[in-house]
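**Q** The listed protein sequences correspond, in order, to chains A and B. The numbering used here numbers the first residue of the first sequence as 3 and each following residue consecutively. The numbering used here numbers the first residue of the second sequence as 7 and each following residue consecutively. Built from N, CA and C at the ideal position, the CB exists for glycine as well. Since the structure is predicted, the reported quantities are computational estimates derived from the model, not experimental observations. Take a look at this one; I'll ask things after.
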Amino acid sequence: MKLSRLVGVVVLGGVVFETIRVTHMFVQAASARVTYTRQVAPILYKNCTTCHHEGGAGPFSLMTYSDAQRWGQQMLRVTQSRYMPPWLPEPGYGDFADSRRLSDAELKLIQEWIITGMAQGDLADAPAPPQYDATWQLGTPDLVLKVTRPYTLVSSGTDVFRNFVLPYPLKQSHYIRALEIRPGVPQVVHHANLLIDRTGAFRRAHTDDWQDGIAGMELAVDAGSTFDPESHFLFWKPDTPVLMEPEGMPWRLDPGNDLILNMHLKPSGKTETMQAEIGLYFTDKPPAKHPMLLQLEDDAALDIPAGDKNFVVQDEMKLPVAVNVLGVYPHAHYLGKDLQGYAILPSGEKKWLIWIRNWDIDRQSVYRYRQPVFLPKGTVLHMRYTYDNSVDNIHNPNDPPIRVKAGNRSVDEMGHLWLQVLPANYPQDGPDPRLLLEQAWMENKLRKDPRNVDAMFNLAGAYMGEGHDQAAIATYRRELAINANDPRALTALGAAFENAGDSRQAAEAYEKAISLSGEQLDARFDLGRMELNHDDPRDAEQQFRAILEREPDDAGAHSGLGLALLKEQKPDAAQGEFEKALALNPQDATALDGSAQLAISSGQPGQAVDLLTRAIKQDSDNAELREHLAMAYAQLGRFGDAADQLKTAAAETPNDPTVHALLSQVLDTTGQLAAAILEQQKALHLDANDADGWNNLGVLEAREGKIIEAREAFEHALRLAPDHAQARANLAQLQAKP
Amino acid sequence: MANGGDLTTKVLTSGTGEKSIGDVVRADLILVELTMPSLPRAVCAPTRILSSGNAACRLYMVVLLLLGWTAAAQAVRYGVDLNGVPVTELVRPGTRSVVLFFAASDCPISNRYLPEMARLRDEFADRGVQFWQVYPNPGDTVTVVRQHRAQFTDLPDIVVDTDQALVRMAHATVTPEAAVFVRAGNTLHEVYRGRIDDRYVDLGSERPRALRHDLENAIASVLANKSVPQPGGPPVGCTIVTRRP
């Protein structure tokens, strides 16, 4: 009886292992019998029931003995073929956390259990079943976002790819340490990707229908105008509804951001109505580590002839900095067959990142490494994808096969290898290493497609971040040579000119951007900020007011207006604007700083300390905030704290003479004369034309008893500014001494 | 018995309400059920709609005839409908072909084929093709199948194959799987058994859409009196669970 059933299975599956099974049957008969309670339940609970439980993403439950019995024959086939548990990476080509690949021993146990009649065994041996409840797994989220309108998935047909927009409703920024996606009907969701649309552009591009979801497999989301690269894989797959970020690596949501839930849905046979929810968990701790996503691709080369069985697309990119690779996300559509990602180290050693031999879009996933994979600077990343556009590829969406190019429909193709990397071993005083990665990435894109304007825009942004203003200007101009009237590029060009100190051309570019598009509020903002920096608060005021006419809830414009009014000596009006900004966004660093300056000037340093401490939490790299905080501390007589702030600020901006000069004064106040002299010397080293600075150095040196040096310093001040009365008086006093 | 008429109607026509017979027959049939529950399944060749073949079935017929029932065609029992009433006839007047679709309420692939089966029914139902949706698994009790029907609208006539008589008659092995029978006089002759189409090549190996519609081609060939093409690959789905005696 058992034997005949066995044969039936073999014939059905077309799998050839009948002889092995028979042998094992006899071997097992001699030894202890495999039972559900002792051997099988632990395997199921560890590898299967995260999806296969009542209400889970799996189509049926495997929680009980009778469940396991019911699905025994399927379990045998799908585990032997390794369709289940879903796990595509080839073992030995990347060591991944949460690998769901069953060991050979586990496979054998399942097989033996089924062919020996699926014995239950002693109930005393049964492990406690895991608990899956329907509530949020990390407790009540700090914020729950829900897709606006329920979506009805058709009952049949090809898979559906849909994008749902979830606007972030808060007026404050938050760091997100964890999220849970509840898709509504998990059984029909293959996987989902959550994207952050920093500018809300996708929603604005679909004003009429975004609430119903927008079709499409992938999205290109505008990254906005500041360098803020995508950093996290926010990927949902059936067994991992909760995504917890590692300590120190939260991601951020700002007012005006949208989350876009990109879902791959599979019709179930009946219409399904679903309304996904996303639970967000906040943390107050800003990120200590800044990962970044990198992408290898060659979409331009994706042009696969009909019938081609082995079409190869490759890309490579040299790393300008060392990185630790945290995770990898290979992506293709239905023609992808063999997906390889690897790195060639400077030593010539080949290090595999991932190899998927039999790609299946339905089972795609992000894979995170058990240990970060260290790749030294100079390593070359490689992607090598092979596509099968023949009739033999059963996934081929086109019948008969047709020529296929890159695109975001399921009949188009894609070839992307995403890596999440954390820069390593980079000099602390150099530019943000992510800028170097961005530069290498975009240069690589332009090598493949010299007219890629997005790559030009991003590359120019990277140059600007690195301080290469002329290179940035040249690259923006290169973009504008293709799209002469792109307001975004013009705005950015304005910023590059401004950085390079050419405020005339900067203003021209900003004004052209504004004239081309009234929506170009960034240009107005930048122009307003530049006018503020150039002590032209009246014009700046006009820019910020123009923005507020369109966007009354723009906290940044309120704080900008506040600064303008402050400079126009209208403290009360300025205070009002700062308060409006803080009501909209309690973390607006500019408004906090502005209020603090008002507090310092009205003799309330305690309040200023509070405000500035809050501001620094948002923007810990901002030396100016620390200078202001030092001033508040100094007003309170807390010179030690003031010195600490200035030391941190000096570390942030080692080339800013003002910080060193301020630090020198504070150190002097606390009696650290030698250190004070050193800092003043540093300040003068950075700005040798500061007559006041030379005078101050002279005073410090005189007190230290260094008469000759002091005299030289005063004389230096007088050479720079012959009318410097204090220097002259100090010199006279010095000469009067015995 | 306020609902007695309904009950009887179901027995004879398997849910369509086309025929009706008198109260006496209704009561007698239930008596047969109670006294000879295993007879039709165990001995009568289930492929016959007129039981004139072997001794046991003749005996069964005799019993029925003795009880005053004239319609011998109702002798064979295939399972029960969603009222728990035995289904004894798979054909209706004008039926040229019977299609059995083996389904399981908990099998995802089977469920995914329900819209395709509805499409085929729309295409062929008024051309003499009688569709039955058969639930062969022990877990698919009348109650469970009722719940399933409530979730999936537009289902055809349903048989809960409580004795797996239809499984044996069709030689079905998995859900979803289909069997096509041609009516030849008083017998049903199986001409096709296997997959609905080629969308699933194996568990976990699936085309975006079917390229070859095996079942549809088979039914069309039957109606055109052509030789019936056989399935191009094995059925893929969930193994039918054997009922234990």
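Can you tell me which of A:Lys-268, A:Ala-473, A:Glu-570, A:Gln-139 puts its alpha carbon nearest to the alpha carbon of Tyr-741 of chain A?
**A** There is no way to answer for residue 741 of chain A, as the model of chain A reaches only from 3 to 740.
**Q** Under the three-state reduction of DSSP, which class applies to Lys-268 of chain A: helix, strand or coil?
**A** Numbered from its first residue, the first sequence carries residue 268 of chain A at position 266. Here Lys-268 of chain A sits in coil by DSSP.
**Q** Mind checking which residues open and close the beta strand (DSSP E) that includes Gln-297 of chain A?
**A** Position 295 of the first sequence, counted from the first residue, corresponds to residue 297 of chain A. Here the beta strand (DSSP E) through Gln-297 of chain A covers 294 to 299.
**Q** Quick check on Lys-514 of chain A: buried or exposed, where buried means 16 or more other Cβ atoms within 10 Å of its Cβ?
**A** One-based indexing of the first sequence puts residue 514 of chain A at position 512. Result: buried.
**Q** Using a beta-carbon distance below 9 Å, is Gln-236 of chain B in contact with chain A?
**A** Counting from one through the second sequence, the residue named residue 236 of chain B turns up at place 230. Judged by the 9 Å Cβ criterion, Gln-236 of chain B is not in contact with chain A.
**Q** Strictly below 8 Å CB to CB, what residues from chain B border Ser-1 of chain A?
**A** Residue 1 of chain A is absent from the model: chain A starts at 3 and stops at 740.
**Q** Count the other CB atoms, across all protein chains shown, that sit within 10 Å of the CB of Val-423 of chain A; report buried if there are 16 or more and exposed otherwise.
**A** As a first step, residue 423 of chain A must be located in the first sequence, where it is residue number 421. Buried, since its Cβ has 16 or more Cβ neighbours within 10 Å.
**Q** Give the interface partners of Tyr-283 of chain A over in chain B, defined as CB-CB distance under 8 Å, in chain order.
**A** By one-based count along the first sequence, residue 283 of chain A stands at place 281. Going along chain B, no residue has its Cβ under 8 Å from Tyr-283 of chain A, so there is no contact; the nearest lies around 32 Å.
**Q** Our contact map puts Arg-436 of chain A next to Pro-231 of chain A with C-beta atoms below 8 Å; I'd like the distance itself, whole angstroms only.
**A** Stepping through the first sequence from its first residue, residue 436 of chain A is reached at position 434. Stepping through the first sequence from its first residue, residue 231 of chain A is reached at position 229. Confirmed, about 6 Å.
**Q** Let me make sure I understand the geometry here. Which of B:Pro-241, B:Pro-240, B:Ala-224 has the alpha-carbon closest to that of Ser-233 of chain B?
**A** The residue you call residue 233 of chain B lines up with position 227 of the second sequence. Nearest C-alpha to Ser-233 of chain B among B:Pro-241, B:Pro-240, B:Ala-224: B:Ala-224.
**Q** Are any of the Cβ atoms in chain B nearer than 9 Å to that of Phe-527 of chain A?
**A** Reading the first sequence from its first residue, position 525 is the one you call residue 527 of chain A. Output row for Phe-527 of chain A: interface = no.
**Q** Measure the C-alpha to C-alpha separation of Pro-307 of chain A and Tyr-389 of chain A and round it to an integer number of angstroms.
**A** As a first step, residue 307 of chain A must be located in the first sequence, where it is residue number 305. As a first step, residue 389 of chain A must be located in the first sequence, where it is residue number 387. Taking the straight line from one Cα to the other gives about 10 Å.
**Q** Nearest by alpha-carbon distance to Gly-90 of chain B: which of B:Asn-143, B:Val-165, B:Val-242, B:Thr-181 is it?
**A** As a working note, residue 90 of chain B is residue 84 in the second sequence. If we check each option's Cα against that of Gly-90 of chain B, B:Val-165 comes out closest.
**Q** On the three-state DSSP scale, how would you describe Ile-183 of chain A?
**A** By 1-based counting over the first sequence, the position of residue 183 of chain A is 181. Here Ile-183 of chain A carries a strand assignment [DSSP, helix/strand/coil].
**Q** Please give me, in chain order, every unbroken run of the alpha helix (DSSP H) with length at least 4 that falls completely inside the stretch 151 to 228 of chain B.
**A** 171 to 176
**Q** Ignore the nearest five residues each way along the sequence and tell me which others in Gln-522 of chain A's own chain have a CB closer than 7 Å to its CB.
**A** Looking up residue 522 of chain A in the first sequence gives position 520. The answer, listed in chain order, is Pro-489, Thr-493, Ala-515, Ile-516.
**Q** Considering only residues of the stretch 514 to 570 of chain A, which uninterrupted beta strand (DSSP E) runs meet the minimum length of 3 residues and lie entirely inside it, listed in chain order?
**A** none
**Q** For the pair the stretch 669 to 680 of chain A and the stretch 712 to 725 of chain A, tell me if three or more CB-CB distances fall below 8 Å.
**A** no
**Q** Mind pulling the chain B residues with CB within less than 7 Å of Arg-103 of chain A?
**A** In the first sequence, the residue the question calls residue 103 of chain A occupies position 101. Result: empty, since nearest Cβ-Cβ is about 14 Å, beyond 7 Å.
**Q** From which residue to which residue does the alpha helix (DSSP H) around Ser-666 of chain A run?
**A** Taking the first sequence and counting its residues from 1, the one referred to as residue 666 of chain A is at position 664. Unbroken alpha helix (DSSP H) run through Ser-666 of chain A: 659 to 671.
**Q** Please report the distance separating the alpha-carbon of Ala-79 of chain B from that of Arg-98 of chain B.
**A** Your numbering for residue 79 of chain B matches position 73 in the second sequence. Your numbering for residue 98 of chain B matches position 92 in the second sequence. For Ala-79 of chain B, the pLDDT reaches just 42, beneath the cut-off of 50, and the residue's location in the model is therefore unreliable, although a value from the coordinates is still provided. So the alpha carbons of these two residues sit roughly 11 Å apart.
**Q** What is the DSSP secondary structure of Trp-89 of chain A, counted as helix, strand or coil?
**A** Translated into positions along the first sequence, residue 89 of chain A becomes position 87. In the structure shown, Trp-89 of chain A sits in coil (DSSP, three-state: anything other than H, G, I, E or B).
**Q** Check the Cβ of Phe-62 of chain A against every Cβ in chain B and list those closer than 7 Å, keeping chain order.
**A** Taking the first residue of the first sequence as 1, we reach residue 62 of chain A at position 60. Result: Asp-112.
**Q** My guess is that Leu-448 of chain A and Leu-383 of chain A are in contact by the Cβ rule of under 8 Å, so how many angstroms apart are they, rounded?
**A** Walking along the first sequence from the start, residue 448 of chain A turns up at place 446. Walking along the first sequence from the start, residue 383 of chain A turns up at place 381. That pair is no contact at about 17 Å.
**Q** Alpha carbon to alpha carbon, what distance is there between Ala-559 of chain A and Thr-201 of chain A?
**A** The residue labelled residue 201 of chain A in the question sits at position 199 within the first sequence. The residue labelled residue 559 of chain A in the question sits at position 557 within the first sequence. Their backbone Cα atoms lie some 16 Å apart in a straight line.
**Q** What residues in the stretch 387 to 408 of chain A bring their beta carbon closer than 7 Å to a beta carbon of chain B?
**A** Within the stretch 387 to 408 of chain A, contact with chain B at the beta-carbon level (separation under 7 Å) is assigned to Ile-396, His-397, Pro-399, Asp-401.
**Q** Start and end of the beta strand (DSSP E) containing Ser-103 of chain B?
**A** Taking the first residue of the second sequence as 1, we reach residue 103 of chain B at position 97. Looking at the DSSP string, the run of the beta strand (DSSP E) that includes Ser-103 of chain B is 103 to 108.
**Q** Does the stretch 78 to 95 of chain A come into contact with the stretch 353 to 372 of chain A, if we say contact requires no fewer than three beta-carbon pairs (one atom in each stretch) closer than 8 Å?
**A** yes
**Q** Which runs of the alpha helix (DSSP H) spanning at least 4 residues fall entirely within the stretch 408 to 483 of chain A, listed in chain order?
**A** Entirely contained in the stretch 408 to 483 of chain A, the alpha helix (DSSP H) runs reaching 4 residues are, in chain order, 435 to 450, 455 to 468.
**Q** If we count the other Cβ atoms within 10 Å of its Cβ and call it buried at 16 or more, is Gln-472 of chain A buried or exposed?
**A** As a first step, residue 472 of chain A is located in the first sequence; it is residue number 470 there, counting from the start. Gln-472 of chain A is exposed by the Cβ-count criterion.
**Q** Determine the burial state of Glu-212 of chain B: buried for a count of at least 16 other Cβ atoms within 10 Å of its Cβ, exposed for fewer.
**A** Taking the first residue of the second sequence as 1, we reach residue 212 of chain B at position 206. Counting Cβ neighbours within 10 Å, Glu-212 of chain B comes out buried, since at least 16 surround it.
**Q** Who are the Cβ neighbours of Leu-125 of chain A in its own chain at under 7 Å, not counting the five residues just before and after it?
**A** As a working note, residue 125 of chain A is residue 123 in the first sequence. Thr-39, listed in sequence order.
**Q** Please report the residue range of the beta strand (DSSP E) in which Tyr-387 of chain A lies.
**A** Taking the first sequence and counting its residues from 1, the one referred to as residue 387 of chain A is at position 385. Tyr-387 of chain A -> beta strand (DSSP E) spans 382 to 389.
**Q** Within the same chain, show all residues whose beta-carbon is closer than 6 Å to that of Ala-632 of chain A, passing over the 5 residues directly before and after it, in chain order.
**A** Working through the first sequence from its first residue, we reach residue 632 of chain A at position 630. Counting only Cβ-Cβ distances below 6 Å, and skipping sequence neighbours, we find Ala-644, Gln-647, Leu-648.
**Q** Would a C-beta distance cut-off of 9 Å place Thr-52 of chain A and Pro-131 of chain A closer than the cut-off?
**A** Residue mapping note: residue 52 of chain A aligns to position 50 of the first sequence, counting from 1. Residue mapping note: residue 131 of chain A aligns to position 129 of the first sequence, counting from 1. No, the Cβ-Cβ distance between Thr-52 of chain A and Pro-131 of chain A is not below 9 Å.
**Q** Assign Ala-685 of chain A to one of three DSSP states: helix, strand, or coil.
**A** Along the first sequence, one-based indexing puts residue 685 of chain A at 683. Looking at Ala-685 of chain A - three-state DSSP - the assignment turns out to be helix.
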